[in-house]
Structures are given as C-alpha cells and as structure tokens.
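*Asks:* Right, I'll just put the structure down here and ask away after.
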Amino acid sequence: MLIHYLQACVLTTTGKQLPKWGYEQQEVACNPNLRDKNALWNVEDNVFDDLPKVSFEAYASGFVERFLESHAVMFQGNAGLKPKEGEVTSQPWQWPINYR
-13 MLIHYLQACV
-3 LTTTGKQLPK
7 WGYEQQEVAC
17 NPNLRDKNAL
27 WNVEDNVFDD
37 LPKVSFEAYA
47 SGFVERFLES
57 HAVMFQGNAG
67 LKPKEGEVTS
77 QPWQWPINYR
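Counted the way my numbering counts, the sequence shown spans residues -13 to 86.
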C-alpha cells in the first residue's frame, strides 16, 4: 500500500480507464479508506541507487508458505466465480431450452 502520510489517504485505482493520452491505463486517486482492496500494488521495478544492494535470497519463502499463499489466492479467485445471492442460474440440462 502506498499511503500519503499528510493527507491520510492511500493510492488506489478508480476502475476507470484513461483515454489514449494516458496510454489507456487505470486512473488513480487518493482514497481515505485505507482498507480498500484496490490499494494493493505490485512494484515491478524500483531504482534507487542510494540504498545498499541486498540479496533477496534472505527473503525467499519456503514451500509451505508458497503453498498456502497460492491456495489463498486461488480461493479468493474462485470465490468471485460463485453466483450472487438472488442471481438467476440454470443447470446444464436446461441450456438447450433456455430463452432470453
């Protein structure tokens, strides 16, 4: 999470896509809700030469940690696939006769 200390808000995406001048990337804003699910970021590259060089082997997680993390991520992804409460669903045997 990227938190602005003075404004007490976290950098989040709004879900809106910028036009071509913004390379069609996501719009970002400062959200006072520090627990927003859109506030998690994946930093792919960070260049700051003033910091000492650190080996990431010291931070490597073990098999059990990676196993639990991957299953937690899969569980969250699959939870989003479940039908919502009150949503109309059909069974496979009904598909040939369903009309909209």
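Think of the CB as a built atom: it goes at the ideal place given N, C-alpha and C, for glycine as much as any other residue.
(1) State the DSSP-derived secondary structure class of Ala15, mapped to helix, strand or coil.
(2) On the DSSP letters alone, give me the boundaries of the alpha helix (DSSP H) that Gln80 sits inside.
(3) What is the residue span of the beta strand (DSSP E) that Leu(-3) lies within?
(4) Straight-line CA distance for Leu37 to Asp31?
*Replies:* The answer reads as follows:
(1) strand
(2) Taken as a continuous stretch (DSSP letters only), Gln80 belongs to no alpha helix (DSSP H), as it is neither H nor E.
(3) Cys(-5) to Gln3
(4) 14 Å
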